[in-house]
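Asker: Please read through the structure below; I'll follow up with questions.
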Amino acid sequence: MDIRKTTLSTETLFGETVVEVQMESAIPLPQGKTLERVLSAEGEATVSEITCRDGAIVVTGTMTLKPTVESAERMPYAFEAAAEFSHTIRMEGVTPDMSARVTAEIPACSVRREDGGLRLQATVQLRTAVFEPVGVDCITGLDGARDAEIRTANVVLKRRALLGAHSLRMSETVESPSGMTVVQASATPIVNGLVKGTEGMIPQGELRLCVLYGGADGGIRRELYVLPFSDVIPCEAGENAFCTATLTSLSVTLDEDGAATVDAALSIGVYGCTSETVRILTDAYDAASDFACEIGHARAENYEGAWSQTVQINETVPVPTHMKDAYLPLYAALRPAVTRVSVENGKAAIEGVLAATVVYRDDDGMKSSFTYELPLSFETEAKGTLPIVRLRAYDASLSGGGRTVSLGFTMSIDVEWYREIAFDHVPELLKGTPCETDSGMLVWFCDPDETLFSIGKRFGVPIAKVRACNPNLAEPIAEGTPVLLIRSAQ
2 MDIRKTTLST ETLFGETVVE VQMESAIPLP QGKTLERVLS AEGEATVSEI TCRDGAIVVT
62 GTMTLKPTVE SAERMPYAFE AAAEFSHTIR MEGVTPDMSA RVTAEIPACS VRREDGGLRL
122 QATVQLRTAV FEPVGVDCIT GLDGARDAEI RTANVVLKRR ALLGAHSLRM SETVESPSGM
182 TVVQASATPI VNGLVKGTEG MIPQGELRLC VLYGGADGGI RRELYVLPFS DVIPCEAGEN
242 AFCTATLTSL SVTLDEDGAA TVDAALSIGV YGCTSETVRI LTDAYDAASD FACEIGHARA
302 ENYEGAWSQT VQINETVPVP THMKDAYLPL YAALRPAVTR VSVENGKAAI EGVLAATVVY
362 RDDDGMKSSF TYELPLSFET EAKGTLPIVR LRAYDASLSG GGRTVSLGFT MSIDVEWYRE
422 IAFDHVPELL KGTPCETDSG MLVWFCDPDE TLFSIGKRFG VPIAKVRACN PNLAEPIAEG
482 TPVLLIRSAQ
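Here it is as structure tokens:
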């Protein structure tokens, strides 16, 4: 008897964890600048390297901070500061051959005046999923077995793969308010579509740009711009292909005529699924009981793709009781973070929190700010069993005044999905054992969930003979159904 074998390379979810990294550091002011008060601070954490070691996952990355402050002359200005971080996440049983997916967020961040500069205190949240490679030995076929009944099944294994990447530079000219200068700029790239072209995949999207302008009187004005972009990524169209766009640099400058030139760089990646289908043996028997199957049970984490959903949110935000009324709302800086994700009954429940720093002018002409935490809750269709979620907030706007202000913004919920699959396989054949009855005639009353295959296997009778003796027998077979069996002497 010829036995054909293979080894399936699968991944299983080894474990998940959420840890918080506390960061504190001094931030010097730009040369020649003074500081009266801190208005807001936008922050972003990115992961640059993930390494699995014995009993630990080492994560390194960068926290980028953009404080907007007011000088002693009450003139607003902004600058950028970056701090590197490295953290070791302890997890028993982790080995160097494992891999991890880590997302980084900033659920808490404060910046205050200290010794002529700024003091940063922040929490970086690292949500980690660790995957373990598992080789599954499988028999794929049997040749030469006498009177053998064989059951096979297809196992489909899917993995996340980078299909292609490119760096895109953008340069656009936009209108700016007359007589004002650029204080600060931030942008969020949004991919709206991905189509197949003759030279590769074509992502199409928008750069959602927010620019704060300052006037000679110390005032602040916010302007929103939508800058479309398109690119060609040389790659084949993969299954469930999707595209990510990350902002790597941004500058907004004014020319002599007052027009604003926007220069931005995007890192664009197209991802998809690599799929492998293998037909494997799940069970078998022969009438002579020459062999039996060792049945194994295996699991694998399949990558299902990524989906995005946008939600428009409008909330009323109260001004703290110890602060003056909001005479003129100026702008809001938003920082979302995921707090909990659960999947149940085909739905994914995503909970989070949004830290919104509201900057306004009171009736004395002074600028003030406060941070309000807004709980977030979303429900979406579950595309798998394991979601990896990222929240992004952009296009923030303020209106109203007095003791409350109205905050509006767009929330993007980006989810990568993995689905656990389970399958039976036969890693080895064992020496057969005699069947439960000798040759002759038998009437068997079926157990629950019996099949033609399980009956034939129990008594060493080919399925064709079971059908021949019971022409009216059909699956599903009800419990207690009598089945006539005739077993010939070997």
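Numbering (this note's numbering), first residue to last: 2 to 491. Glycine included, C-beta positions come from ideal geometry on N, C-alpha and C. The model shown is predicted, which means the values in this text are computed figures rather than measured ones.
#1: Can you name, in chain order, every residue of its own chain whose Cβ lies under 8 Å from the Cβ of E400, other than the five neighbours on each side?
#2: Using the Cβ count rule (16 or more neighbours within 10 Å means buried), how would you classify A301?
#3: Taking the Cβ atom as the reference point for each residue, do L228 and A246 lie within a distance shorter than 8 Å?
#4: With DSSP collapsed to three states, give me the class of R404.
#5: Alpha carbon to alpha carbon, how far is A149 from F132? Give it in angstroms, no decimals.
#6: Going by other Cβ atoms of all chains shown within 10 Å of its Cβ, with 16 needed for buried, is G273 buried or exposed?
#7: To which residues does DSSP link N241 through a beta bridge?
#8: Please classify M2 as buried or exposed, where buried requires at least 16 neighbouring CB atoms within 10 angstroms.
#9: Going by alpha carbons, who is nearest to G142 out of N193, T189, C294?
#10: So the candidates are H323, A123, Y78, L163; which of them puts its Cα closest to the Cα of G1?
#11: Assuming contact is defined by CB atoms lying nearer than 8 Å, are I221 and L210 in contact in what I supplied?
#12: How about the segment 250-261 and the segment 383-390: do they share at least three Cβ pairs that are nearer than 8 Å?
#13: Report all residues from its chain with a CB closer than 7 Å to the CB of N241; omit the five preceding and five following residues, and keep chain order.
#14: Taking 8 Å as the threshold (C-beta atoms), are I296 and D284 in contact?
#15: In whole angstroms, what is the alpha-carbon distance linking L474 and K458?
#16: In the DSSP assignment, find the unbroken alpha helix (DSSP H) run with V233 in it and report its ends.
#17: Below 8 Å between beta carbons: does that hold for S290 and P435?
#18: Which residues mark the beginning and the end of the beta strand (DSSP E) in which A475 is found?
#19: Considering only DSSP beta bridges, list what N346 is partnered with.
#20: Could you please give the first and the last residue of the uninterrupted beta strand (DSSP E) stretch that includes R114?
#21: With H, G and I counted as helix, E and B as strand and the rest as coil, what does DSSP make of A186?
#22: Three-state secondary structure (DSSP) at C470?
#23: Between the Cα of S179 and those of P463, D256, R75, R391, spot the shortest distance and give me the residue it belongs to.
#24: Does E81 pass the burial test, meaning 16 or more other C-beta atoms within 10 Å, or should it be called exposed?
#25: Quick check on P190: buried or exposed, where buried means 16 or more other Cβ atoms within 10 Å of its Cβ?
#26: Less than 8 Å between the C-beta atoms of E354 and P321, yes or no?
#27: What are the start and end residues of the alpha helix (DSSP H) that includes K571?
#28: Starting from F371, trace the beta strand (DSSP E) both ways and give me its first and last residue.
#29: Can A423 and H298 be called in contact, C-beta distance under 8 Å?
#30: Between T63 and T89, is the Cβ-Cβ spacing less than 8 Å?
#31: Are there three or more Cβ pairs, one per stretch, closer than 8 Å when the segment 334-341 is compared with the segment 310-320?
#32: Indicate whether the contact test is met: 3 or more Cβ pairs, each with one atom in the segment 89-100 and one in the segment 48-55, closer than 8 Å.
#33: So, helix, strand or coil for A289, using DSSP?
#34: Rank E43, V19, I4, E37 by C-alpha distance to the C-alpha of Y395 and give the top, closest one.
#35: DSSP three-state label for A27, please.
#36: Which residues bound the beta strand (DSSP E) around E85?
Answerer: On the basis of the supplied data:
#1: Sequence check: residue 400 is Ser here, not Glu. For S400, where only same-chain residues beyond five positions count, the Cβ hits under 8 Å are P330, V406, S407, G409.
#2: Result: buried.
#3: Going by C-beta atoms, L228 is not nearer than 8 Å to A246.
#4: The answer is coil: DSSP assigns R404 none of H, G, I, E or B.
#5: The straight-line gap from Cα to Cα measures roughly 38 Å.
#6: When all chains shown are included, G273 counts as buried.
#7: In the DSSP assignment, N241 forms no beta bridge with any residue.
#8: Here M2 is exposed, its C-beta having fewer than 16 other C-beta atoms within 10 Å.
#9: Answer by Cα proximity: C294.
#10: This structure leaves residue 1 out entirely; the chain is present only between 2 and 491.
#11: Contact: no.
#12: The segment 250-261, when compared against the segment 383-390, does not touch it at the 8 Å Cβ threshold.
#13: Cβ within range, chain order: G273, C274, E305, G306.
#14: Result yes, Cβ atoms of D284 and I296 sit closer than 8 Å.
#15: In a straight line, the C-alpha of L474 is about 17 Å away from that of K458.
#16: Note, V233: premise wrong, no alpha helix (DSSP H); not H, not E.
#17: Yes; because the gap between Cβ atoms is below 8 Å, this pair is in contact.
#18: A475 -> no beta strand (DSSP E), and no H or E assigned at all.
#19: When beta bridges are read from the DSSP output, N346 appears opposite no residue.
#20: Unbroken beta strand (DSSP E) run through R114: 100-115.
#21: Residue state, collapsed to three classes: strand.
#22: If DSSP states are grouped into helix, strand and coil, C470 belongs with the helices.
#23: Closest in alpha carbon position to S179, among P463, D256, R75, R391, is D256.
#24: With fewer than 16 Cβ atoms within 10 Å of its Cβ, E81 is classed as exposed.
#25: It counts as buried.
#26: Here the sequence assigns Val to residue 354, which means Glu is not the residue at that position. Not in contact: V354 and P321 (Cβ atoms no closer than 8 Å).
#27: Residue 571 is absent from the model: the chain starts at 2 and stops at 491.
#28: Unbroken beta strand (DSSP E) run through F371: 368-382.
#29: Yes. Within cutoff.
#30: Not closer than 8 Å, so no.
#31: Between the segment 334-341 and the segment 310-320 there are fewer than three C-beta pairs closer than 8 Å, too few to call the two in contact.
#32: Proximity of the segment 89-100 to the segment 48-55 meets the contact definition, three or more beta-carbon pairs being nearer than 8 Å.
#33: A289: coil per DSSP, three-state reduction.
#34: Check the Cα spacing between Y395 and each of E43, V19, I4, E37: the tightest is with E43.
#35: Strand at A27.
#36: 82-91 is the extent of the beta strand (DSSP E) around E85.
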